[in-house]
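Worksheet: one structure, shown below.
Printed below as a string of structure tokens:
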């Protein structure tokens, strides 16, 4: 299904508020990718770097849910139309939250690491 959204006679993509939300969505996805790429690079170099993967998973999962929700909100009532795929994106994003621990569990593990009471492997630690 093709849909050309408009408001006030112009494309929604031309509105400043929509552009700001799209920029935020792009930044969230980009930064989560960088985090995961960095952790993967460290792993390839022989540095297991648990913390990097945990941070990347948290960022990527939450960014996916936030971006899918924002897409539905930007589309208004049409965001719920099954032919546009936004609801499926949200369902898929929600499924990324539980594997490896929910965001709350991950935050607890990161807090323990930050406080020095964790067994997570920091970047640069001997393997």
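Numbering (the working numbering), first residue to last: 2 to 128. Glycine included, C-beta positions come from ideal geometry on N, C-alpha and C. Computed from a predicted structure; not experimentally measured.
The beta carbon of residue 81 sits closer than 8 Å to those of 73, 87, 88, all from its chain and outside the five residues before and after it, given in chain order.
In this structure the segment 19 to 38 lies against the segment 54 to 66, because at least three pairs of beta carbons, one per stretch, are closer than 8 Å. If you look at residue 45, you'll find it in the alpha helix (DSSP H) that goes 17 to 45. Per DSSP, residue 97 lies in no alpha helix (DSSP H) segment and is marked neither H nor E.
A residue is called buried when at least 16 other Cβ atoms come within 10 angstroms of its Cβ; residue 94 meets this threshold and is buried. About 12 Å separates the Cβ atoms of residue 64 and residue 90, ruling out a contact at the 8 Å cut-off.
Straight through space, the alpha carbons of residue 22 and residue 112 are spaced by roughly 29 Å. Residue range 51 to 76 is occupied by the alpha helix (DSSP H) that includes residue 61. Contact annotation: residue 103 and residue 62 have beta-carbon atoms that are not nearer than 7 Å. In this chain, the alpha helix (DSSP H) harbouring residue 110 covers 104 to 115. At a Cβ-Cβ threshold of 7 Å, residue 71 and residue 26 count as neighbours. By the Cβ neighbour-count rule, residue 75 is buried, with 16 or more other Cβ atoms within 10 Å of its own.
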